[in-house]
Amino acid sequence: MNKIEIIPLGGIGEFGMNCMGIRYGDEMIIVDAGMGFPEETPYGVDISIPNFDFLEDYRSDLTALILTHGHEDHIGALSYILRKFNLPVYGSRFTLALAEKRLDEHRMLDSVLLHRVKANDIIEIGSFKIEFIHASHSLIECFSLAITTPLGTLIHTGDYKIDDTPVIGKPYDLKTLAKYGDAGVLALLGDSTNATVEGRTPSEKAVIPAFEEIFSQTEGRIIVASFSSSLHRLQVIFNIAHEFGRKVCVLGRSMQKNVEIAEEQGLLNIPYNTLIGLGESRSLEDDQIVYLVTGSQGETRAALWNMATGTYKGLGIEKGDTVILSARIIPGNEKAISRLIGHLYKHGANIIEEKRRLVHVSGHASQEDIKILTETARPKYLIPIHGEYRMLFRHKEYVKNHIAGYTDENVILIENGDILEFDEFGARIAAHNNLEKSFIDEESLAEIEYDVIRERKKLAYGGAISLVVTIDKKTREIIGEPQISYQGVANINFANGFTNEAGQMIIEAIAAMKKEEIADQKGFQEKLRIHLKRFVQKEIGTKPVIVTTIVEI
Ligand SMILES: [Zn+2]
């Protein structure tokens, strides 16, 4: 008899990079392909992606990529996985619109097959039958998945909260989930991001009173920074701006693009005559304008950072401005946000953060939401996913302590690279693979090997010294002086004669070598590198990267 295997490639024990393989027999679907944001952002890398090479062993099994929703930590690695495995992609209209934007950046739009699905659509892919269940979250058109196999049904929650009064769209579809609960759910893979938070997660509507109060008390310009994908929030801001007689000007590329897509699709309902361009905004009085901007995470390329540190298209922060940061702090961004706030204060802005007023609510299920969902689905097994290990652990503890029937036996903690197996006898972690994540180069957007990161780290710590030696092809003798140059190396300067002494040392080292040693170019190059390395260590006590070049003429 066939078994089900759950193979997480990312998103377990970390924030972001959500990606999971689900295999039945010799068929495998992938749920989400997200990017991650390494907490240390070293050496031109601030994006990581799952190790898709691992899927090479399953190449002939792969049948489809299913997207739960359009957040970057769920679709950001799309082009990288599709370049290796050209799978048909399934997702909601809005999710696919965001996905198309990504694919377009990588010029892959024409080569990928996108299937648009709606809530309660049921698709059959080989032995898998998948129903898309409407889920409420900070984004819109999100799904939980009911994945039925001949061995039983899995529920993958995606990201969710149980929002009874979302700003856009319907509440979480507990009715459809209950249908599966009644029929019997083998396992539930549940979002753990907010499993450490007590109570219910507030509705997206919960921010309205704070915004209304701020708008009613503010005479100056209002600048709201939010995630460009938080459509509920954007809708709230448009509505309240209209209510208080302000126009909205949208700044920042991703914000403008998302507003455009959402309005086109009829998802965002912008009150008549409320959206204006930057030019028009300049002619308005301070109490007539709201700027809706990108940059809530202190990103230095975003609109808010540029406004705070100088100007964005001639627009800067001024005394009397009120800046509302309507977003959560993504782990790792604390320092960048703190610097941003410093710049805003310097220019005389009044700043309103989540800490002071309810201007942001989370999109993820808190403990009581988890309880509602789990009791509705009543899975035989519960597998906490999406979150750092401490969140997965607390998810497990909460469910064990607050919902009858859950114990260490049927709440299973997994890690990236595990293979969790289900068959008629039960569930077990059958194997574990070590998955090194891949990194993306900020400039070229190309995937880079871990070795390159290691090299960049060495360069950052020690700098580099370059040695060029010119050799006569016939006589195997050195021509001229060895050329030594350096960059970013401590304890070397023009005055201290390092390059002369090092050059002299190299001349002596070559003089002591046999002709055959010099003829072997690779060996010769390596020997010179080692000579120079030892010399540098002895003389100046550092370990720069040393590059030697042999020129034969
Ligand atoms: Zn999400």
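The numbering used here puts the first residue of the sequence shown at 12, with every later residue one more than the last.
Quick reminder that beta carbons are idealized off the backbone N, C-alpha and C, glycines included.
The structure displayed is predicted, hence computed values, not measured ones.
May I ask which residues mark the beginning and end of the beta strand (DSSP E) holding H243? Careful: H243 lies outside any beta strand (DSSP E), inside the alpha helix (DSSP H) at 242 to 254.
Tell me the residue span of the alpha helix (DSSP H) that contains H85. Here the alpha helix (DSSP H) through H85 covers 83 to 86.
Any idea if K181 is buried or exposed, counting beta-carbon neighbours within 10 angstroms, 16 or more meaning buried? exposed
When you compare the CB positions of V196 and P19, do they come within less than 8 Å of one another, or not? no
When you compare only the Cα positions, how much space is there between R94 and I60? Roughly 13 Å separates the two Cα atoms.
I'd like to confirm something about D43: is its beta-carbon nearer than 7 Å to some heavy atom of ligand 1, or not? no
Contacting residues, own chain, Cβ-Cβ under 6 Å from S103 (five flanking each side not counted): E152
First and last residue of the alpha helix (DSSP H) that includes E466? 461 to 473
Report all residues from its chain with a CB closer than 6 Å to the CB of D429; omit the five preceding and five following residues, and keep chain order. I440, H443
Taking the alpha-carbon of R368 as reference, which of E223, I482, N502, Y35 has the nearest alpha-carbon? E223
Beta-carbon separation of Y54 and A471 under 8 Å? yes
Do L78 and ligand 1 come close, with the Cβ less than 7 Å from some heavy atom? no
Enumerated in chain order, which unbroken segments of the beta strand (DSSP E) with a length of 3 residues or greater are wholly contained in the segment 44 to 69? 56 to 60
Quick check: does the Cβ of L66 come within less than 7 Å of any heavy atom belonging to ligand 1? L66 Cβ: outside cutoff for every heavy atom of ligand 1.
Roughly how many angstroms lie between the CA atoms of R312 and L355, to the nearest whole one? 16 Å
Do I381 and A157 have their CB atoms nearer than 8 Å? no
Less than 8 Å between the C-beta atoms of D21 and N427, yes or no? Rather than Asp, the amino acid found at residue 21 in this sequence is Gly. The answer is yes: Cβ separation under 8 Å.
CB-CB under 6 Å to D406, same chain, minus the five flanking residues each way: which ones, in chain order? Correcting the residue type first, residue 406 is His in the shown sequence and not Asp. If we look at H406 and ignore the five residues flanking it on each side, its Cβ neighbours are S203, A206, P395.
Do G374 and ligand 1 come close, with the Cβ less than 7 Å from some heavy atom? Answer for G374: yes, Cβ within range of ligand 1.
Please say whether L543 and I476 have beta carbons closer to each other than 8 Å? Inclusion of I476 and L543 in the CB contact set at 8 Å is warranted, their separation being smaller than that value.
May I ask whether a heavy atom of ligand 1 can be found less than 7 Å away from the beta carbon of D170? D170 Cβ: within cutoff of ligand 1.
Given K190 as reference, the closest of G210, S373, A388 once Cα atoms are compared: A388
Cβ of H148 within 7 Å of any heavy atom in ligand 1? yes
Distance cut-off 7 Å: H145 Cβ against heavy atoms of ligand 1: no
Suppose the cutoff is 8 Å on Cβ atoms and the five residues either side in sequence are ignored; what does the same chain contact list for T176 look like? In chain order, P182, S214, E215, K216 place their CB closer than 8 Å to the CB of T176, counting only its own chain and leaving out the 5 sequence neighbours on each side.
Look up N361 in the DSSP assignment and give the residues it is bridged to. T333
Does any heavy atom of ligand 1 sit closer than 7 Å to the C-beta of H82? Yes, Cβ of H82 sits closer than 7 Å to a heavy atom of ligand 1.
C-alpha distance - R465 paired with K186, whole-angstrom precision: 51 Å
Neighbourhood of A520 by C-beta distance below 8 Å, restricted to the same chain and skipping five residues each side: K538, L539, H542
Spatially closest choice to H413 from R401, I383, M119, by CA coordinates: I383
Taking the DSSP output, what are the residues bridged to E426? Looking at the DSSP assignment, E426 forms no beta bridge with any residue, so it has no partner.
Helix, strand or coil for A441, going by three-state DSSP, please let me know. strand
Would the segment 111 to 125 count as touching the segment 77 to 92 if we require 3 or more Cβ pairs under 8 Å? Yes, since at least three Cβ pairs between the segment 111 to 125 and the segment 77 to 92 fall closer than 8 Å, the two stretches touch.
If you compare alpha carbons, which of G359, T333, H358, E364 is closest to R348? Here residue 348 is Ile; the residue named in the question, Arg, does not match the sequence. Minimum Cα distance to I348 is reached at E364.
The beta strand (DSSP E) with S155 in it runs from where to where? 153 to 160
Compute the Euclidean distance between the alpha carbons of E512 and E550, then round it to the nearest angstrom. 10 Å
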